Amino acid sequence: MPNRAVVGAHYGWRDWLVQRVTAVLMGLYTLLVLGLLLWFGGLDFAAWKGAFGNEAFRIGTFVFMAALLWHAWVGVRNILMDYVKPVIVRLALQMLVIGALVGYAGWTIQILWGPR
Amino acid sequence: MAAVDRPVMKPRPVYLNLFAIRMPLPAVVSILHRASGALLFLVGIPLVLCTLQRALASQESWAEMRQLFQSPLAKLITVVLAWAFIHHLFAGIRHVLMDVHVGVDLASARRSAAVALVLAVVVTLAIAVRLW
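Protein chains in written order, with this note's numbering: chain A, 1 to 116; chain B, 1001 to 1132.
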């Protein structure tokens, strides 16, 4: 990338890549879950509980959620940059979004590994 | 200060009344991609986490959740969120394919936009039929 100028922001190449890598990860997890549902032909509490009792499935689910939250950040930030022009309002909204996403991450960990 | 000298531009008419502009199909798919993403963030993530937590807590709360999802309102919300997820997924696959230079010419782009749009609606309708 030649002739980089100081623009007060980064160029967005990393966000672009993150958006795609996280999307592919989520797509793979979606296929896995669809496959499991078809394989077991439905869902009762025992199968449901069993799936989430499996450490590998929990880790896979956490990877999905982490990808989702990062993906959501890039997308929501783009939306805010496009439509919210006053800097102070945009920054406030962005902080709110980050807070929500970090909170969701904590909530996910609590659901997956917390006491039942 | 300016790193790049920009050419002086002639003032151009700005006309952005979205309701008067006829959007081409790829633009419709694109704005729905954004709208569905916003919906998934605002409603989808908290709702899924809530459901996941309740459904895993105990046999009773699992049954409670199943009961809750029998209500027409819950089914409607499920169908709308399912559409958002599926449209976002298909439009996203289309984006990634175009990133690797598959179907970037105008005719293919229009065709794939139509496919993504229609397929998402069809799959959503199939889910809706199953739910009711």
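Think of the CB as a built atom: it goes at the ideal place given N, C-alpha and C, for glycine as much as any other residue.
Just so you know, these numbers come straight off a predicted model, no measurement behind them.
Here DSSP, grouped into helix, strand and coil, assigns B:PRO1024 to coil.
Among the residues facing chain B, A:PHE64 is not included, as its CB has no counterpart in that chain under 8 angstroms away. One finds GLY1092, VAL1096 in chain B with Cβ atoms closer than 8 angstroms to the Cβ of A:ALA23, taken in chain order. Taking a contact as a CB-CB distance under 8 angstroms, the pair A:ARG14 and B:VAL1096 does not count as one, their CB atoms being some 17 angstroms apart. Contact annotation for B:ALA1038 against chain A: GLY75, VAL76, ILE79 [CB-CB distance below 9 angstroms, chain order]. In the structure shown, the three-state DSSP call for A:ARG90 is helix. The Cβ atoms of B:HIS1101 and B:HIS1033 do not sit closer than 8 angstroms to each other. What B:GLN1059 touches in chain A, judged by beta-carbon distance under 8 angstroms, is PHE45, going in chain order.
Look at B:SER1108 here: in three-state DSSP terms it is helix.
With a cut-off of 8 angstroms on Cβ pairs, the region 82 to 95 of chain A is not in contact with the region 1053 to 1070 of chain B, counting fewer than three such pairs.
Shown here, B:LYS1010 sits in coil according to DSSP, grouped into three states, outside any helix or strand. Apart from the 5 residues on each side of it in sequence, B:VAL1123 sits with its Cβ closer than 7 angstroms to the Cβ of ILE1086 in its chain, given in chain order. Within chain A, ILE79 have C-beta atoms less than 7 angstroms from the C-beta of B:ARG1034, given in sequence order.
As the crow flies, the alpha-carbon of A:GLY60 is around 20 angstroms from that of B:LEU1047. The three-state reading of DSSP puts B:TRP1132 in coil, since its state is none of H, G, I, E or B. The C-alpha of B:PRO1013 lies about 43 angstroms from the C-alpha of B:THR1078. Neighbours of B:TRP1132 in chain A, taken as residues at a C-beta separation under 9 angstroms, are lacking, since the least C-beta distance is about 17 angstroms. One finds ILE111 in chain A with Cβ atoms closer than 7 angstroms to the Cβ of B:GLN1053, taken in chain order.
Against chain B, a Cβ distance below 8 angstroms from A:TRP13 picks out nothing, because the smallest value is about 13 angstroms. The three-state reading of DSSP puts A:LYS85 in coil, since its state is none of H, G, I, E or B. In summary, B:TRP1132 is exposed, with fewer than 16 beta-carbon neighbours lying within 10 Å of its beta-carbon over all protein chains present. Between the region 51 to 66 of chain A and the region 103 to 116 of chain A there are three or more C-beta pairs closer than 8 angstroms, enough to call the two in contact. Uninterrupted alpha helix (DSSP H) stretches at least 4 residues long and entirely within the region 2 to 52 of chain A occur at 13 to 40, given in chain order.
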